[in-house]
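Novice: Going down the list, the sequences are from chains S and V.
As numbered in the numbering used here, the first sequence has no gaps in its residue numbers, which increase by one up to the final residue, 64.
As numbered in the numbering used here, the second sequence has no gaps in its residue numbers, which increase by one up to the final residue, 469.
Even glycine gets a Cβ: it sits at the ideal position worked out from N, Cα and C.
Since we're looking at a predicted model, the values are computed, not measured.
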Amino acid sequence: VSALPAAAAVATWHCELCGFTYDEAKGHTPEGFAPGTRWEDIPEGWGCPDCGQPKADFQPLNGA
Amino acid sequence: VPEVSALPEETLMTTQALPQAEPYRDRKRHAWLLSVLVPFFVGAGPLLIEWSGQPLWSWLPIAFIYLVVPMLDLMLGEDQSNPPESAVPALEADRYYRYITYAVVPILWLVFAGAVTYLCTHTLPWHAQLALVLGAGLCGGFGINLGHELGHKNNALERWLAKIALAPTAYGHFFIEHNRGHHRDVATPQDPASSRMGENIYTFLLREMPGGFRRAWHLERDRLQRTGQAFWSLHNEVLQPALMTLVLWTVMVAALGWVALVYCVCIAFWANFQLTSANYIEHYGLLRRTQPDGRVERCQPHHSWNSNHIFSNWILFHLQRHSDHHSHPTRRYQSLRHFDALPELPNGYMGVMLVSYFPPLWYALMDPRLVRAVHGDASRISFQPGKAEALMRRYQLQPVNEALA
């Protein structure tokens, strides 16, 4: 991952509390996010489906 | 404690080269079977009456929960042992612990249907009827505890088992509202499942039960809007367990008459009131503060009350190690840990819940503990509206700060 150019978009975000991961490539159908749905297109009011943490508390998994 | 990754490489290698320490042995491994046996026992009132021929024996499970369990907690004391972090992956992967939770599910359905059937088909004195309703309700309370443990897992089997566990007592919406609502809003005045200082349990009940239901309804409505699925469909995870409830209760009424519905409702109420009681004591008065940026601080271990009392933890799948649960919501019960210097309850849940049913006793027991837990800082207390001034005077608390410094 570290070999990727710095400009590579962050594609995976994870909930720091419970470890739930959101991969933009895969989306998350049960939450209504089709594959390819970008993180910024996920509503601000959305929370982790496993533990309710707000979107703002998610951290990028790669590219950080 | 330094993070392992921060250690120099040689240190790690030296550690690995050392002879293997004794492998971790979970001393509670077999004790968790009590989490299966006790729900069965509290729901076994009809069997006790049949075996003894004495309706009064139906009170044995009730006495066990409210007298014997708090006594055992006092006598056996606390257990502060934790599994080492290195043993946690193996503990979590060990399916034995899961099978124990699965085994409780049929017991919940048997006890519920058995109690309603027995009550409808036997002439019993009023006190035995009451005891059977309370016993089956307490069993349903253990069912909510089980639904809680299973509903936090992110695989389809355990989530379905959670819905099945919660269905007899008509509380399937709980796992939606709890995971995505309570865990988000915990220890804020907005959370219908966190009680405030000066709020008695009966006032709390009127806020908690309807508030939890509304929150589940809204959360599920929002999710289905995102997925583009119809609200009134089988995709709705609030309606799925509600349909199971409808089928079970309809069968009961069809087979036993309308009186069965009265028993179903009463048993379900007492079961769901066990959750109300747990919610009442788990965060009483504790407040997450608002930061200067307007956001509420993250849930910290000191935002939950804990109990390390051995016996009640054995029968409640470690629910009482509540701080670790809120810090690691998907962590399985066998791996939950104790931490020092956290808000501690003076007994296990059964004993403390019993006290909560007598508000003056509850305030006398818990208000001073709450003040100590927050070091007298009123900005860390969630007050019942209208009670703040009197409580602050009484406990000589400093005025509430505008925001977290």
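Buried or exposed, going by whether 16 or more other CB atoms sit within 10 Å of the CB of proline 232 (chain V)?
Specialist: For the purposes of this step, residue 232 (chain V) is taken as the residue at position 168 of the second sequence. So proline 232 (chain V) counts as buried.
Novice: Check this for me: beta carbons of glutamate 408 (chain V) and asparagine 370 (chain V), under 8 Å apart or not?
Specialist: In the second sequence, residue 408 (chain V) corresponds to position 344, counting from 1. In the second sequence, residue 370 (chain V) corresponds to position 306, counting from 1. Contact flag set, yes.
Novice: At the level of alpha carbons, what is the spacing between isoleucine 164 (chain V) and arginine 458 (chain V)?
Specialist: Looking up residue 164 (chain V) in the second sequence gives position 100. Looking up residue 458 (chain V) in the second sequence gives position 394. In a straight line, the C-alpha of isoleucine 164 (chain V) is about 47 Å away from that of arginine 458 (chain V).
Novice: Within 10 angstroms of the Cβ of serine 145 (chain V), are there 16 or more other Cβ atoms? Answer buried if so, exposed if not.
Specialist: As a first step, residue 145 (chain V) must be located in the second sequence, where it is residue number 81. Result: exposed.
Novice: When the cut-off is 8 Å and only beta carbons count, does glycine 215 (chain V) lie next to chain S?
Specialist: Start at 1 with the first residue of the second sequence, and residue 215 (chain V) comes out as number 151. No, because no Cβ of chain S sits closer than 8 Å to the Cβ of glycine 215 (chain V).
Novice: Does the beta-carbon of arginine 159 (chain V) have 16 or more other beta-carbons within 10 angstroms, so that it is buried, or is it exposed?
Specialist: Within the second sequence, residue 159 (chain V) is the residue found at index 95, counting from 1. The residue is exposed, with fewer than 16 neighbouring Cβ atoms inside 10 Å.
Novice: Would you report the Cα separation of lysine 451 (chain V) and glutamate 222 (chain V), rounded to the nearest angstrom?
Specialist: Within the second sequence, the letter at position 387 stands for residue 451 (chain V). Within the second sequence, the letter at position 158 stands for residue 222 (chain V). When rounded, the separation of the alpha-carbon atoms in lysine 451 (chain V) and glutamate 222 (chain V) is 42 Å.
Novice: Tell me the DSSP secondary structure of valine 1 (chain S) in three-state form.
Specialist: Translated into positions along the first sequence, residue 1 (chain S) becomes position 1. Reliability fails at valine 1 (chain S), whose pLDDT of 44 lies under 50, so the model's placement of it is uncertain and the value that follows must be treated cautiously. Coil, per DSSP.
Novice: Going by DSSP in three states, proline 60 (chain S) sits in which element: helix, strand or coil?
Specialist: As a first step, residue 60 (chain S) is located in the first sequence; it is residue number 60 there, counting from the start. DSSP places proline 60 (chain S) in strand when its eight states are reduced to three.
Novice: Could you say which of V:Glu301, V:Val317, V:Arg290, V:Ala454 lies nearest to alanine 220 (chain V) if we only look at CA atoms?
Specialist: Taking the second sequence and counting its residues from 1, the one referred to as residue 220 (chain V) is at position 156. Taking only the C-alpha atoms, the option nearest alanine 220 (chain V) is V:Glu301.
Novice: Assess contact between the stretch 29-40 of chain S and the stretch 288-295 of chain V, defined as three or more Cβ pairs (one per stretch) separated by less than 8 Å. Is contact present?
Specialist: yes
Novice: Would you list the one or two residues that DSSP bridges to proline 54 (chain S)?
Specialist: Locating residue 54 (chain S) in the first sequence gives position 54, counting from the first residue. DSSP, once it has assigned bridges, lists S:Gly47 as partnering proline 54 (chain S).
Novice: By the criterion of Cβ-Cβ separation under 9 Å, what are the contact partners of glycine 27 (chain S) in chain V?
Specialist: Counting from 1 along the first sequence, the entry for residue 27 (chain S) is found at position 27. Chain-ordered listing is empty here: chain V has no CB closer than 9 Å to the CB of glycine 27 (chain S), the nearest sitting near 11 Å.
Novice: Near proline 134 (chain V), what residues of its chain come up, given a Cβ to Cβ distance below 6 Å and the 5 sequence neighbours on each side ignored?
Specialist: Numbered from its first residue, the second sequence carries residue 134 (chain V) at position 70. Cβ within range, chain order: Asn411, Met414, Gly415.
Novice: Looking at chain S, which residues of the stretch 281-292 of chain V have a Cβ within less than 9 Å of any of its Cβ atoms?
Specialist: Leu283, Asp286, Arg287, Leu288, Gln289, Arg290, Thr291, Gly292
Novice: Compute the distance between the beta-carbons of glycine 245 (chain V) and leucine 283 (chain V), then report whether it is under 8 Å.
Specialist: The residue labelled residue 245 (chain V) in the question sits at position 181 within the second sequence. The residue labelled residue 283 (chain V) in the question sits at position 219 within the second sequence. Closer than 8 Å, so yes.
Novice: Return the chain-ordered list of same chain residues with a C-beta closer than 7 Å to the C-beta of alanine 195 (chain V), the five sequence neighbours on each side being excluded.
Specialist: Along the second sequence, one-based indexing puts residue 195 (chain V) at 131. Spatial neighbours of alanine 195 (chain V) in its own chain (CB-CB distance under 7 Å, excluding positions within 5 residues in sequence) are listed in chain order as Gly109, Ser122, Trp123, Ile126.
Novice: Spatial neighbours of glutamine 59 (chain S) within its chain, please: CB distance less than 7 Å, with the 5 preceding and 5 following residues excluded, ordered by chain position.
Specialist: Locating residue 59 (chain S) in the first sequence gives position 59, counting from the first residue. Counting only residues of its own chain and dropping the five nearest sequence neighbours on each side, glutamine 59 (chain S) has a CB closer than 7 Å to the CB of Trp13, His14, Glu16.
Novice: For valine 175 (chain V), collect the residues of the same chain with a Cβ closer than 6 Å to its Cβ; drop the 5 residues on either side in sequence, then sort them by chain order.
Specialist: On the second sequence, position 111 is the one that residue 175 (chain V) refers to. The residues are Gly107, Ala200, Cys203.
Novice: If I'm right that aspartate 57 (chain S) touches proline 393 (chain V) with Cβ under 8 Å, what's the distance once you round it to whole angstroms?
Specialist: Here residue 57 (chain S) corresponds to residue number 57 of the first sequence, with the count starting at 1. Here residue 393 (chain V) corresponds to residue number 329 of the second sequence, with the count starting at 1. Actually they are not in contact, since the Cβ atoms of aspartate 57 (chain S) and proline 393 (chain V) sit about 13 Å apart, beyond 8 Å.
Novice: Taking the alpha carbon of methionine 308 (chain V) as the point to measure from, which residue in V:Glu453, V:Gly236, V:Asp441 has its own alpha carbon closest?
Specialist: Along the second sequence, one-based indexing puts residue 308 (chain V) at 244. The shortest C-alpha separation from methionine 308 (chain V) is found at V:Gly236.
Novice: In this structure, does DSSP put isoleucine 42 (chain S) in helix, strand or coil?
Specialist: One-based indexing of the first sequence puts residue 42 (chain S) at position 42. Coil, per DSSP.
Novice: Which of the residues in the stretch 394-409 of chain V, read from start to end, lie with their CB under 9 Å from any CB of chain S?
Specialist: Taking 9 Å as the Cβ-Cβ cut-off against chain S, the residues of the stretch 394-409 of chain V that qualify are Thr394, Arg395.
Novice: How many angstroms separate the CA atom of arginine 91 (chain V) from the CA atom of isoleucine 374 (chain V)?
Specialist: The residue given as residue 91 (chain V) occupies position 27 in the second sequence. The residue given as residue 374 (chain V) occupies position 310 in the second sequence. If I take the Cα positions, the gap works out to 12 Å.
Novice: Any beta carbon of chain V sitting closer than 8 Å to that of threonine 12 (chain S)?
Specialist: The residue you call residue 12 (chain S) lines up with position 12 of the first sequence. By this cut-off, threonine 12 (chain S) is not an interface position.
Novice: Any beta-carbon of chain S closer than 8 Å to the one on histidine 373 (chain V)?
Specialist: What you label residue 373 (chain V) is simply residue 309 of the second sequence in a count that begins at 1. No, its Cβ sits nowhere closer than 8 Å to a Cβ of chain S.
Novice: Please confirm whether leucine 188 (chain V) and proline 119 (chain V) have their CB atoms less than 8 Å apart.
Specialist: Here residue 188 (chain V) refers to the residue found at position 124 when the second sequence is read from its first residue. Here residue 119 (chain V) refers to the residue found at position 55 when the second sequence is read from its first residue. Contact flag set, yes.
Novice: Based on DSSP bridge pairs, tell me the residues matched to isoleucine 552 (chain V).
Specialist: No answer is possible for residue 552 (chain V): the residues shown for chain V start at 65 and end at 469.
Novice: Examine chain S for any beta-carbon lying closer than 8 Å to the beta-carbon of glycine 245 (chain V), and answer yes or no.
Specialist: Here residue 245 (chain V) refers to the residue found at position 181 when the second sequence is read from its first residue. For glycine 245 (chain V), at least one C-beta of chain S is nearer than 8 Å to its own C-beta.
Novice: What residue from V:Thr185, V:Leu155, V:Asp255 has the CA that sits closest to glycine 276 (chain V)'s CA?
Specialist: Position 212 of the second sequence, counted from the first residue, corresponds to residue 276 (chain V). That would be V:Asp255, whose Cα lies nearest to the Cα of glycine 276 (chain V).
Novice: Which residue from V:Val438, V:Thr185, V:Ser420 puts its Cα closest to that of serine 341 (chain V)?
Specialist: Taking the second sequence and counting its residues from 1, one reaches residue 341 (chain V) at position 277. Closest option to serine 341 (chain V), Cα to Cα, is V:Ser420.
Novice: Going by the CB atoms, is the gap between tyrosine 348 (chain V) and leucine 434 (chain V) shorter than 8 Å?
Specialist: By one-based count along the second sequence, residue 434 (chain V) stands at place 370. By one-based count along the second sequence, residue 348 (chain V) stands at place 284. Contact flag set, yes.
Novice: Does the CB of arginine 248 (chain V) have a neighbour CB from chain S at under 8 Å?
Specialist: The residue given as residue 248 (chain V) occupies position 184 in the second sequence. Interface residue, yes.
Novice: For tyrosine 22 (chain S), report the span of its beta strand (DSSP E) as first-last.
Specialist: In the first sequence, the residue the question calls residue 22 (chain S) occupies position 22. Per DSSP, the continuous beta strand (DSSP E) segment holding tyrosine 22 (chain S) begins and ends at 21-23.
Novice: Looking at the structure shown, is glutamate 16 (chain S) part of a helix, part of a strand, or coil, going by DSSP?
Specialist: Numbered from its first residue, the first sequence carries residue 16 (chain S) at position 16. If DSSP states are grouped into helix, strand and coil, glutamate 16 (chain S) belongs with coil.
Novice: Could you tell me which whole beta strand (DSSP E) segments of length 3 or greater appear in the stretch 162-211 of chain V?
Specialist: none
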